[in-house]
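Heads up, the sequence shown is in our numbering, so the first residue is 22 and it goes up one at a time.
We put the CB at the ideal spot given by N, CA and C, even for glycine.
Nothing here was measured: the structure is a model prediction, and the numbers come from that model.
The structure appears below as structure tokens.
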Amino acid sequence: MTTSSENMQIMNGVEVPPFRNFHEFLLETDRYERPPFNDFKKWNNRIISNLLYFQTNYFVTIITLFLLHTFISSQDIFVGLIAVVAVIATLIFAVSADANIKKMRTDHPLVTLGGIILVAYFFISVFQSVLVVAFALLFPVFLVLVHASLRLRGIANRAANVKEQLGIRTSVMGQILDRTGLNVKV
Numbered sequence: 022m023t024t025s026s027e028n029m030q031i032m033n034g035v036e037v038p039p040f041r042n043f044h045e046f047l048l049e050t051d052r053y054e055r056p057p058f059n060d061f062k063k064w065n066n067r068i069i070s071n072l073l074y075f076q077t078n079y080f081v082t083i084i085t086l087f088l089l090h091t092f093i094s095s096q097d098i099f100v101g102l103i104a105v106v107a108v109i110a111t112l113i114f115a116v117s118a119d120a121n122i123k124k125m126r127t128d129h130p131l132v133t134l135g136g137i138i139l140v141a142y143f144f145i146s147v148f149q150s151v152l153v154v155a156f157a158l159l160f161p162v163f164l165v166l167v168h169a170s171l172r173l174r175g176i177a178n179r180a181a182n183v184k185e186q187l188g189i190r191t192s193v194m195g196q197i198l199d200r201t202g203l204n205v206k207v
């Protein structure tokens, strides 16, 4: 069982739990079981519980796999990220309520339309690179969700999660789950 003193404190009292050892994280084969597909509530609780308990391991896994994929496909990742950022910037420009941006859009509609067309053309022409970026981001998340689905909870896991549910501690994963609508607090 971990105590609060073992957790690294970051901003506003949010804690990062310690890194779980490799044996506990992956090698205890008796701690894996097929998810209860017929009981979604139990399956959901297992996933959330494992996400909270192994969160540091999961973050390291996601970052490591993304960096490995970036090293292997660096050009595609770079071009794909540029295309995604260009589309996001164009969308923000197109729907912005800022008075200066609205004035620019109305004063120069052809330039605005031309910019949108150029960004759309660029995005479509490098769509393969965009898919590489999507895969590099989503595949590690998929692996984390598979692990969280298959891994059974232990006593230390349950104790750590009770602290999160009662509000005794707040973790990074707890904040992420709260912001995505999966409330972990009682």
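For Val35, the enclosing beta strand (DSSP E) stretches over residues 35-37. For Leu158 and Ile83, the gap between their C-alpha atoms comes out near 8 angstroms. With fewer than 16 neighbouring CB atoms inside 10 Å of its own CB, Thr201 falls in the exposed class.
Taken through DSSP and simplified to helix, strand or coil, Thr191 comes out as strand. Inter-segment contact for the region 67-79 and the region 161-180 is present: three or more beta-carbon pairs are separated by less than 8 angstroms. Tyr79 sits away from Leu173, with the two beta carbons spaced by 8 angstroms or more. In the structure shown, Arg172 adopts extended strand secondary structure according to DSSP, grouped into three states. Every alpha helix (DSSP H) stretch that sits fully inside the region 63-99 and reaches 4 residues is listed by chain position as 76-93. Judged by their CB atoms, Ile98 and Val153 are nearer to each other than the 8 angstroms cut-off. Non-local C-beta neighbours of Ile109 in its own chain, meaning closer than 7 angstroms and more than five positions away in sequence, are absent.
Gly135: member of the alpha helix (DSSP H) spanning 130-146, first to last residue. Each residue's CA atom was taken as its position, placing Leu89 and Asp60 some 36 angstroms apart. Around the beta carbon of Arg179, a 10 Å sphere encloses fewer than 16 other beta carbons of the protein chains shown; the residue is thus reported as exposed.
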